[in-house]
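Protein chains in written order, with the working numbering: chain A, 1 to 399; chain B, 1001 to 1399.
For every residue, glycine included, the Cβ atom is placed at its ideal position computed from N, Cα and C.
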């Protein structure tokens, strides 16, 4: 099938979503079936407005810079298209003779691809809408892991690693709040920071393990009494045993102070609340809290090499699969572990990925629900593409 | 003068304070005048408790790892020694035949060196207490800039660079709160992130330029109306025109440290307060705020090469100067600019550095008091040792 193609990026940016974009571009340029290659600015919103740029005109130098740039080079959108919205998108596709649509995003984007494909089928318009996975949350089904996770995990691990050394130098309790509303993979990545037996994070809390404030405080008290310090990684989606997130409970109070909208990322409210609880209940003076916020998905100059390579390949494979087969989503299967780590790429049905999410499996979380297992470290470590090695001298023998 | 030596690290950690430590160690090992080389754990507090380790025993491999590790490998302390405290330190020096004391820290550490030197002089004990500068704040006198600043500035620039691209992808108002209680150098470093004409940060606020909330809001309104988005770097020390910091006004019951200062880092309160003001007064829906917190001084794996080299040289020069001359502090003089940038190291009197601070000079701040000048960029850019180059495609011509 010969026609034009569109590529676009949706949802929260990542450190390698542009590597996937470049993968799509470099593969699409080789395809004789693809005449024009449009980039839609600001995702579906840009398609509806026909805000397109010509991606075949970009120089190799520009593409090389795009591939290493964080965030979404084509812009993004939080629009969640309904049937009417998708119908408008399809009209633009028809008008511009778009036969291939490559949509880089999370499970919502897979769903958009699914809806548009179904619509096109109904009216007999030949279209292949392909989903290219991306998310720092690592919560898509079918694929072993998601492009974007490895880079965000590397950021979190490096941040907690340095933070733990900072906490050794000036001891106290330190809380680091990490992204991940429903899935705790990224918070779990904090555990990759551990190099020495008594390194932090000493406690890790995921949305998958509801916890009472009493247990949370008791855990910290235990570590602090043992080590004289405590570094804690907490997911922004941490929730109470009634399954209501602490951020939500807190937001109810915040609204009474008429502080405006409360969201999870881009606010330090949860971190400050937790620090306040620890100070109040344990009487520890030096309690600090940082919220990693948008840095963990958009820090310039930091990519996991493995993640960047896989993200690019996912983009390329989407084009290859679309040429040979039909619509679908790209997924990765892990082959080998440790130094023999590698992946194979395959096509899966859009409906297997659309609107669904994955949680951190039980075998990756310790029995206490406050730390990660060796199995998780083995799963996540190859994805960050190496971490810095550090040294602390305070443990050397006294003279 | 032949005797033993102590080296120690004080105050807030930085990304290269360990490079200075390694510089002291490698130079001290060459000196015949130095018999034993002790590392004091947790600064003056460790000296008082005689918590020492033998730094001559460390392997080259260990030293190489120390040099690239963030935070203070010997631990730190926030103790601000008075005369009685210093007298105890001097007693330990006498007992252990310490003739050389290398103290890596800020202006408080220079003052501690000064006091102990004076005391030693009074009782006729031959001592050379040498100060090695470090601070992410870049606020020491005499020296052109401080080891630690370049690395923190690189972190801030990379963070804002990625954050600005994130803000292009999903437009709104974004506030980034940066360390720097009294001096705005590090907040100013956010301006290094700008590569394109309309790149953020669009506004930069330093403690050196008091500002009303009305002006702050009006500035943001202007940028937002013009660009449809706005990225703002704000110093944690931002203050109102009555010279009271907003953080202080905000935190009636805020925690105070041993220096009587309100806790600014390790809390997201200021950022959230500012976001609330913008939402409330401008009715903009997507307003986000991040506080860079401890990450900007301790992120693992991120060093400015220039900063790391200079920090190491400052450590080495302290030893060299102490052997040939007397007590003092190491300072840097800039020679050349741009690609010809370099420094010369020299010795200055402790009293020139002790307890004093430097502010951002007027010529580095724009007339409006909400941005940095070209002169500042020329000053700061060589110190970060290179920044990533990025690309955004949303500005390409429409087709």
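Determine the burial state of residue i: buried for a count of at least 16 other Cβ atoms within 10 Å of its Cβ, exposed for fewer.
i	result
residue 166 of chain A	buried
residue 1367 of chain B	exposed
residue 1288 of chain B	buried
residue 1212 of chain B	exposed
residue 317 of chain A	buried
residue 123 of chain A	exposed
residue 1001 of chain B	exposed
residue 1065 of chain B	buried
residue 84 of chain A	exposed
residue 117 of chain A	buried
residue 1202 of chain B	buried
Could you name the residues that DSSP lists as bridge partners for residue i?
i	result
residue 1372 of chain B	B:1365
residue 343 of chain A	A:334
residue 398 of chain A	B:1053
residue 37 of chain A	A:5
residue 1234 of chain B	B:1177, B:1205
residue 1105 of chain B	B:1133
Could you tell me whether any Cβ in chain A is nearer than 9 angstroms to the Cβ of residue i?
i	result
residue 1018 of chain B	yes
residue 956 of chain B	Absent from the structure is residue 956 of chain B, since the part of chain B shown begins at 1001 and ends at 1399.
residue 1245 of chain B	no
residue 1088 of chain B	no
residue 1174 of chain B	yes
residue 1415 of chain B	For residue 1415 of chain B there is no data in the structure shown, the boundaries of chain B being 1001 and 1399.
residue 1109 of chain B	no
residue 1295 of chain B	yes
residue 1168 of chain B	yes
residue 1234 of chain B	no
residue 1312 of chain B	no
residue 1306 of chain B	no
residue 1182 of chain B	no
Note down, in chain order, each residue of its chain lying with its Cβ closer than 7 angstroms to the Cβ of residue i, except the 5 sequence neighbours on either side.
i	result
residue 109 of chain A	10, 11, 103, 131
residue 1077 of chain B	1010, 1042, 1043, 1044, 1045
residue 336 of chain A	342
residue 281 of chain A	217
residue 150 of chain A	304, 306, 307, 383, 384, 385
residue 208 of chain A	184, 359, 360, 365
Spell out whether any CB of chain B is found under 9 angstroms from the CB atom of residue i.
i	result
residue 83 of chain A	no
residue 199 of chain A	no
residue 238 of chain A	no
residue 185 of chain A	no
residue 38 of chain A	yes
residue 202 of chain A	no
residue 260 of chain A	Only weak support is given to the placement of residue 260 of chain A: the predicted model assigns it a pLDDT of 44, under 50, and the value that follows is read from those uncertain coordinates. By this cut-off, residue 260 of chain A is an interface position.
residue 391 of chain A	yes
residue 292 of chain A	yes
residue 188 of chain A	no
residue 102 of chain A	no
residue 53 of chain A	yes
residue 161 of chain A	yes
residue 158 of chain A	yes
Between the options, which has its C-alpha nearest residue i's C-alpha?
i	options	result
residue 174 of chain A	A:271, A:144, A:225, A:3	A:271
residue 144 of chain A	A:383, A:87, A:16	A:383
residue 182 of chain A	A:385, A:345, A:239	A:239
residue 99 of chain A	A:83, A:106, A:120	A:120
residue 1331 of chain B	B:1353, B:1163, B:1137, B:1048	B:1353
residue 1320 of chain B	B:1004, B:1006, B:1023, B:1209	B:1023
residue 1055 of chain B	B:1204, B:1074, B:1197	B:1074
residue 1295 of chain B	B:1137, B:1113, B:1179, B:1392	B:1179
residue 1161 of chain B	A:297, A:154, A:231	A:297
residue 400 of chain A	A:224, A:209, A:67	Nothing in the structure corresponds to residue 400 of chain A, since chain A is present only between 1 and 399.
residue 87 of chain A	A:47, A:390, A:71, A:60	A:47
residue 125 of chain A	A:92, A:152, A:111	A:92
residue 1397 of chain B	A:14, A:27, A:58, A:25	A:58
Apart from the five residues on each side of it in sequence, which residues of its chain come closer than 6 angstroms, Cβ to Cβ, to residue i?
i	result
residue 376 of chain A	188, 364
residue 311 of chain A	16, 19, 20, 147
residue 106 of chain A	11, 135
residue 169 of chain A	none
residue 1308 of chain B	1016, 1019
residue 171 of chain A	228, 229
At a cut-off of 8 angstroms, is residue i close to the ligand ZN when judged by its beta-carbon and the heavy atoms of the ligand?
i	result
residue 1284 of chain B	In the structure on display, the ligand ZN does not appear, and there are no ligands present to speak of.
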